[in-house]
Every structure is written in structure tokens, then in C-alpha cells.
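Number of protein chains: 2
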Amino acid sequence: MITDDILHNLKDRGHRLTKIRTAVISMLWLSDVPLSAFEIKASLEKDKIKANKTTIYREVSFLRTNGILHEIQFGDGKMRYKICPDDHHHHTICVRCSRVEAISMEKDLEKYERELVRLKRFKVLRHTLEFFGICSRCNA
Amino acid sequence: MITDDILHNLKDRGHRLTKIRTAVISMLWLSDVPLSAFEIKASLEKDKIKANKTTIYREVSFLRTNGILHEIQFGDGKMRYKICPDDHHHHTICVRCSRVEAISMEKDLEKYERELVRLKRFKVLRHTLEFFGICSRCNA
DNA sequence: AACAAGATGCAACGGTGTTGCATCTTAATG
DNA sequence: CATTAAGATGCAACACCGTTGCATCTTGTT
């Protein structure tokens, strides 16, 4: 299991493996959509693990600092968090059922980023790209 | 002046031209970066025009409904608003000086959206794309 | 078992944005 | 110019996301 690798890696670097930490990691790993802080909290509670919202925010902050978890913004005012072995995917987000899927268009964007440097002398550090629409299930 | 066109257009459609409305329009038109609600409020106050934050939110909502103003998200949790003749949603945002420039890659993205329909049966309604980095001025 | 660093909970707070309601302004009408 | 009704504004209160300070509890090491 990859979550075990993550846990061992954290421990080897001198970090603690608390109940909440391991729960957040395994839960986010199993989730196929990025979750907000509140959703993480709710999901833990379903497994009978109570955690204060402050703890959740501090935990995602910790996991982000350690490169385990990544933030995504869907433009509704809340951060969402996901565990992704290779950072950066873009997503399709269904506006009806909220289903999220990762897609890849790195090659096209890398080409475009090179053009931005060449034409506008703008050095891209990061970007955001999300598509909102109707997924295949909802459209059927 | 284009702001006059906007004002006449609004009036012709039966909307009122209040002090705050005209001030928001001309101020946003002159601004070369998208502004948050708070920044709009502060900018009006610099011109001795006081406005309640509720009024600002209602005004940007009104202007958005009338297709005059567009929202942009930079991922810091606040909406920003910009007057743009053609609704144009991609930008380079300098993380040092906050300068924002519009860029065009519609053709590439339209191609990609057609592929999303074809391959994943995902119908794109809208998307977000912003590049964060260092602009030519800051990099010099 | 003792201990220090780290994790947690709680309360309070700040910021963004919204809503209900009372009041004021705009612009059209007589 | 006075009237008037719709629309605009201000105010207070609220909801929500996220953060901070501080006291307390856990973890893992000695």
C-alpha cells in the first residue's frame, strides 16, 4: 500500500503518526475527489474519529509542507485537498454531481508556457486549469 | 470613452446611473488589475465616495448580470472583478507586483474541450486558467 | 516512568460574502 | 415642480472558511 509508504516516510523523517494523521492520509488516498476541510472532518467522523476543525487545517498544512497533499481550488471559495503521487493534474468538475476526474494536458501547457516566456517574458511558476461542465453520467 | 458607452447602454436598458455605479465602472475601467470588493470600496473612498460593502457586492453582482464585469479567481479566497470588453478569462498574474495581463489561448483550449467531449463525454461549460509567475518588469 | 516536542481542543477572532429590513435616491409622470 | 414607485443604499446581523493563542494531552524517546 502506498499510504504505508507515506507513513513510513513521515516517520523516518521524525514525524509522529497520530490517529488523525493516519486517518486523514488513508481517507484522502481512497477518495477519488479532492475534499474540503469540512468534508475531511465529516469523513473522519463517519469512521468514529472526532477531530477539531483547527486540527484538520493544521494537518492539511502539515501534509502540504511535507509534499504529501496538494490544494485545488474549484472557485467556490473553499480549498480542497488531495493526495496525488505526481503533483499536478487538471480536472473536470461536474456542476451537477460534483464528480471530479483528473485529466492530463501538461504537454500542451508546457508548450504554451514556453511561448509565454518567449513572447511576453513572463516566467510561469504555476498555473490553475479546471474545466466545469456536465459529466458523462449526468449527461446520459 | 468606452465607459460612457457602458453607461448609456445601461440607461437605455432602463437601469439607473447612480454615483456609486458610475464610479465603480469608471474606476474598474481605469484599473489595470482586477480588484476585490474591498479594494473597490477602498478605491472609491480615495475619491471621497463612501459605499457600504453590501452595496459593492450588490453592484458587482448587478454589473456581472449585465455582462459588464467579469470575475476572476486568483486562488487566494477572494473574487476579483474586471471590466473587459470581450469576456476573456485567461491571465498572467505576477506574484511579485500583482500585475495582471490578459492572454489568449482560446483556440488551443477549444480544441481540447472538443477532445474532452469526444474522449470522456464531458461537456465543458466553462473553465478557469491562470498562470502565476514573474512578469517581464519584475524579472528585468 | 519521565520528559520534551509535537499534536489537539477550545474559544476567540478576522475576512469574505449574504440577507432582511428600513430608508433614501433616481428618474419618469402628471 | 411635486408626486411616486422602483430601484439603490446603509445597517445590523448572520453564515462560512480559515487562523491564532493558549492550555492540555499524546507520542515516542531516554
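Here the protein sequences come in this chain order: A and P. Residues 5 to 144 in my numbering are what the first sequence spells out, letter by letter. Residues 5 to 144 in my numbering are what the second sequence spells out, letter by letter. Note that CB positions come from ideal geometry on N, CA and C, so glycine has one too.
Contacts of ASP112(P) in chain A (Cβ-Cβ under 8 Å): ASP112 and TYR116
Spatial distance of ALA27(P) from GLY79(P) (CA atoms): 27 Å
Status (buried if at least 16 other CB within 10 Å, exposed otherwise) for CYS101(P): Label assigned to CYS101(P): exposed.
Secondary structure, alpha helix (DSSP H): runs of 4+ residues fully inside the region 34-67 of chain A: If you keep only unbroken alpha helix (DSSP H) runs of at least 4 residues inside the region 34-67 of chain A, you get 41-50.
Closest residue to MET109(A) among LEU113(P), SER108(P), HIS95(P) and ILE72(P) (Cα-Cα distance): LEU113(P)
In DSSP terms, what GLY18(P) is bridged to: None, per the DSSP bridge assignment.
Same chain, Cβ closer than 7 Å to GLU63(P), neighbours up to 5 away in sequence not counted: ILE24, ARG25 and VAL28
Contact check, PHE135(A) vs HIS131(P), beta carbons under 7 Å: Yes. Within cutoff.
Beta-carbon contacts of GLU49(A) that lie in its chain and below 6 Å, excluding the five residues immediately before and after: none
Residues within the region 121-132 of chain A neighbouring chain P, beta-carbon criterion of under 7 Å: LYS124, ARG125, PHE126, LYS127, VAL128, LEU129, ARG130, HIS131 and THR132
Contact under 7 Å by Cβ, SER30(P) with THR59(P): No, the Cβ-Cβ distance between SER30(P) and THR59(P) is not below 7 Å.
Host alpha helix (DSSP H) of VAL121(P) (start-end): 110-124
Start and end residues, beta strand (DSSP E) containing ARG103(A): Note, ARG103(A): premise wrong, no beta strand (DSSP E); not H, not E.
DSSP three-state assignment for ILE29(A), whether helix, strand or coil: Collapsing the DSSP output to three states places ILE29(A) in a helix.
Straight-line Cα distance separating SER47(A) from LYS111(P): 41 Å
Close beta carbons around CYS88(A), own chain, < 6 Å, minus the five adjacent residues each side: HIS74
Run of the beta strand (DSSP E) containing MET83(A), from where it starts to where it stops: From DSSP, the beta strand (DSSP E) with MET83(A) extends over 83-87.
Closer than 9 Å at the beta carbon, the chain A residues around CYS139(P): LYS124, ARG125, PHE126 and LYS127
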